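Enquirer: Okay, here's the structure, questions in a sec.
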Amino acid sequence: MSAQLAFLAFFGAAALWFAVVVFRTHSMVRSALALLFSQTAVGAMFLVMQAEFLGVLQIMMMATEMSVMAIFMVMFMMDPGGLGAMEMTHQKKRSLWAGGLALIAALGVSWLGNWGPVATQLALPARQTELLGIELLGRSMLIFESAGLTILTAMIAATMVAITPLEDEPKKERHHGH
Amino acid sequence: MSWLIPLIALIGAIYLLAVIEGWSLGGAFSLARPARAALAMIGQESTKTRKSDALFYQAGPVLLLVAGVLAVAVIPLAPDIILADMATGALFLNAALAYVLVALIMAGWGPNGAYAMIGGWRFLGQFLGYAMLIVMPITAVAMRAESLMTTQIVTSQAGLWNVFYQPLGFVLFMIAAQALIFLPPLDLPVAPGELAGGVEAEYSGPQLLVFRLARFVIILALAGAATTFYFGGWLGPVLPDWVWSGLKTMIIAAAMLSVGRFLPRLREERFLALCWKLGIPLSLINILVVGVLVLVVPV
Numbered sequence: 091m092s093a094q095l096a097f098l099a100f101f102g103a104a105a106l107w108f109a110v111v112v113f114r115t116h117s118m119v120r121s122a123l124a125l126l127f128s129q130t131a132v133g134a135m136f137l138v139m140q141a142e143f144l145g146v147l148q149i150m151m152m153a154t155e156m157s158v159m160a161i162f163m164v165m166f167m168m169d170p171g172g173l174g175a176m177e178m179t180h181q182k183k184r185s186l187w188a189g190g191l192a193l194i195a196a197l198g199v200s201w202l203g204n205w206g207p208v209a210t211q212l213a214l215p216a217r218q219t220e221l222l223g224i225e226l227l228g229r230s231m232l233i234f235e236s237a238g239l240t241i242l243t244a245m246i247a248a249t250m251v252a253i254t255p256l257e258d259e260p261k262k263e264r265h266h267g268h
Numbered sequence: 338m339s340w341l342i343p344l345i346a347l348i349g350a351i352y353l354l355a356v357i358e359g360w361s362l363g364g365a366f367s368l369a370r371p372a373r374a375a376l377a378m379i380g381q382e383s384t385k386t387r388k389s390d391a392l393f394y395q396a397g398p399v400l401l402l403v404a405g406v407l408a409v410a411v412i413p414l415a416p417d418i419i420l421a422d423m424a425t426g427a428l429f430l431n432a433a434l435a436y437v438l439v440a441l442i443m444a445g446w447g448p449n450g451a452y453a454m455i456g457g458w459r460f461l462g463q464f465l466g467y468a469m470l471i472v473m474p475i476t477a478v479a480m481r482a483e484s485l486m487t488t489q490i491v492t493s494q495a496g497l498w499n500v501f502y503q504p505l506g507f508v509l510f511m512i513a514a515q516a517l518i519f520l521p522p523l524d525l526p527v528a529p530g531e532l533a534g535g536v537e538a539e540y541s542g543p544q545l546l547v548f549r550l551a552r553f554v555i556i557l558a559l560a561g562a563a564t565t566f567y568f569g570g571w572l573g574p575v576l577p578d579w580v581w582s583g584l585k586t587m588i589i590a591a592a593m594l595s596v597g598r599f600l601p602r603l604r605e606e607r608f609l610a611l612c613w614k615l616g617i618p619l620s621l622i623n624i625l626v627v628g629v630l631v632l633v634v635p636v
């Protein structure tokens, strides 16, 4: 039990440390990958808490998501390598307020929420996976399906906004080998 | 000592693969060549580029190797010769191999070199293409086995191998596997002859050795995964379990290494278009067909 607690604390500290690194570096790629390793540490915490499926899923999804995010950050930022030491933050006061309020809300939920009795008997990993599947296709189906559909719609909308339709481009005169 | 046998098997298989690659590409069969090349690389200087992101530069090849070893850990050589028989083995394989992408982006970005960086981002583009094609065929495999455990996936094929049960899924999986380990014809991230080695371009000495070693480990992981998911793993008559899975894995790995000799390199956007417009619908059809088969025809 104490070893489990020690590992949990270690990965928790790693998650926090990498989360701090996200804001301490000027390099967009470093920032994105620090966020990835922070999330990977959270996945490792799931594994330590014997939630195998959730842990593995978290570790897998974050690798791909954060990598995709990294290329977007490189594309849209003027100084992706952080070599020019450009200031790339904005609306600092508002972000601080938003972050502070979110922190208070999260702490409030974790302290005031009713978490039920502490589990003493854990289902085996295979059974846990099965239970998760039943949950996703039963009680929680509507919420997950609507979330998935919303994300898909947002992705398509974002792509539509980002691309320039071919017709709107100024027509160039074509030269054929003259 | 249950980890010792898989480890020895892994090292032996890597060496054999290196010999096969030399044979396939260089045309000369030489048992000593990989050992000589490795020794030469250890002795070589590890050059550094100017203004490199040292952390990523150093960590890239190591992370690639770690991802490969973790992926190999869930591949069974025999019912009792497996490093980690996890309840979520098939998913864990994907999770480990997802870090190939992270490692290549790190290795591409780190050296502060144009060829390497283009190679790294090219792999990200390639990933967008193959990602779904590796996950969705595995979903169909797990559906038949009613488990994500790799050992249970093997035993589920006792009646009929998955390569015959779900051939469409097998083809899609192999294309995705070829893209994942950037072997020709899908070798744009390194692209010898065009991108001067791409991600590998700025590496030399021991770091390059780690990179090459990691590549072989991942090839083995993928060939082992194909054996486990589609060719009935250790199942086979007469010979012992581990011989069958070892033999199948090596044949698939050799095929993966040599198929590029007969096909031209595929351009990035064509690969992406093919994967999304054709691959994803086909893998959805594969899931549907397998789902119906599982319910209707019990094999």
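Protein chains in written order, with the working numbering: chain A, 91 to 268; chain B, 338 to 636. Using N, Cα and C, we set each Cβ at its ideal position, and we do this for glycine too. Treat the numbers as computed from the prediction; the structure is a model and nothing was measured.
1. Could you give the C-beta distance for B/GLY561 and B/ALA516, rounded to a whole number, given that I count them as a contact under 8 Å?
2. Going by the beta-carbon positions, is the gap between B/GLY506 and B/ASN623 smaller than 7 Å?
3. Leaving out five residues on either side along the sequence, give the residues of the same chain with a beta carbon under 8 Å from the beta carbon of B/VAL634.
4. I'd like to know whether the C-beta atoms of A/PHE100 and A/PHE127 end up nearer to each other than 7 Å.
5. With a cut-off of 8 Å, do at least 3 Cβ pairs link the stretch 338–356 of chain B to the stretch 367–382 of chain B?
6. Between the alpha carbons of A/PHE162 and B/TYR436, how many angstroms are there, rounded?
7. If the cut-off is 9 Å on Cβ atoms, which residues from the stretch 415–429 of chain B count as contacting chain A, listed in chain order?
8. For B/PHE332, which residues of its own chain have a beta-carbon under 7 Å away from its beta-carbon, when the five flanking residues on both sides are left out?
9. Check this for me: beta carbons of B/MET443 and B/ALA404, under 7 Å apart or not?
10. Checking contacts by CB at 7 Å: is B/TRP613 closer than that to chain A?
11. With 8 Å as the limit, tell me which residues of the stretch 462–485 of chain B have their beta carbon closer than that to any beta carbon of chain A; keep them in chain order.
12. Along chain B, in chain order, which residues have C-beta atoms closer than 9 Å to that of A/PHE143?
13. From the DSSP output, read off the bridge partner residues of B/ILE418.
14. How far does the alpha helix (DSSP H) with B/ARG607 in it extend, from its first residue to its last?
15. Where does B/PHE566 land, buried or exposed, given buried means 16+ other C-beta within 10 angstroms?
16. Residue range of the alpha helix (DSSP H) that B/TYR394 falls in?
17. Helix, strand or coil for A/SER128 per DSSP?
18. Pick out whichever of B/ALA538, B/PRO618, B/ALA408, B/MET511 has its Cα sitting closest to the Cα of B/ALA590.
19. Could you tell me which chain B residues have their CB closer than 7 Å to the CB of A/LEU126, listed as they occur along the chain?
20. Just tell me which of B/ALA514, B/PHE599, B/ALA538 has its CA closest to the CA of B/GLY450.
21. Whose Cβ in chain B lies nearer than 8 Å to the Cβ of A/SER157?
22. Taking Cβ positions only, does A/ALA248 come closer than 7 Å to chain B?
23. Pull up the distance between the alpha-carbon of A/GLN181 and that of A/ALA188, whole angstroms please.
24. Which bits of chain B does A/SER236 rub up against, with CB to CB less than 7 Å?
25. Does B/ALA435 have its Cβ less than 7 Å from a Cβ in chain A?
26. For B/ALA391, tell me which candidate among B/LEU400, B/ARG459, B/MET473, B/TRP446 has the shortest Cα-Cα distance.
27. Which runs of the beta strand (DSSP E) spanning at least 3 residues fall entirely within the stretch 563–633 of chain B, listed in chain order?
28. On a Cα-Cα basis, can you pick out the residue from B/SER595, B/THR586, B/LEU603, B/LEU523 that is closest to B/LEU362?
29. Note down, in chain order, every chain B residue with its Cβ under 8 Å from the Cβ of A/LEU117.
30. Looking only at its own chain, which residues have a Cβ that is under 7 Å from the Cβ of B/ILE342, when we skip the five neighbours before and after it?
31. Using the beta-carbon count (16 or more within 10 Å), is A/GLN129 buried or exposed?
32. Following the continuous alpha helix (DSSP H) through B/PRO504, name the residue where it begins and the one where it ends.
33. Between B/ILE588 and A/GLN94, what straight-line distance do the alpha-carbon atoms span, to the nearest angstrom?
34. What three-state label does DSSP hand B/ARG549 in the structure shown?
Expert: In terms of the structure at hand:
1. That pair is no contact at about 17 Å.
2. yes
3. none
4. Not a contact, by the Cβ cut-off of 7 Å.
5. The stretch 338–356 of chain B is in contact with the stretch 367–382 of chain B.
6. 18 Å
7. MET423, ALA424, THR425, LEU428, PHE429
8. Given a span of 338 to 636 for chain B in the structure shown, any question on residue 332 of chain B remains unanswerable.
9. no
10. Interface flag for B/TRP613 against chain A is unset, since no Cβ pair is found closer than 7 Å.
11. PHE464, LEU465, ALA468, SER484, LEU485
12. ALA424, THR425, LEU428, LEU485
13. B/ALA415
14. That run of the alpha helix (DSSP H) goes 605–611.
15. buried
16. Following the DSSP letters along the chain, one finds B/TYR394 inside the alpha helix (DSSP H) bounded by residues 391–410.
17. helix
18. Closest option to B/ALA590, Cα to Cα, is B/MET511.
19. Residues of chain B passing the Cβ test: VAL439.
20. B/ALA538
21. Neighbours of A/SER157 on chain B, chain order: LEU438, VAL439, ILE442, LEU461, PHE464.
22. no
23. 11 Å
24. Ordered by position in chain B, no residue passes the 7 Å Cβ test against A/SER236, which lies about 21 Å from the chain.
25. yes
26. B/TRP446
27. none
28. B/SER595
29. Per the sequence shown, residue 117 of chain A should be read as Ser rather than Leu. Within chain B, the residues near A/SER117 are ASP390.
30. ILE418
31. Buried.
32. 504–517
33. 42 Å
34. helix
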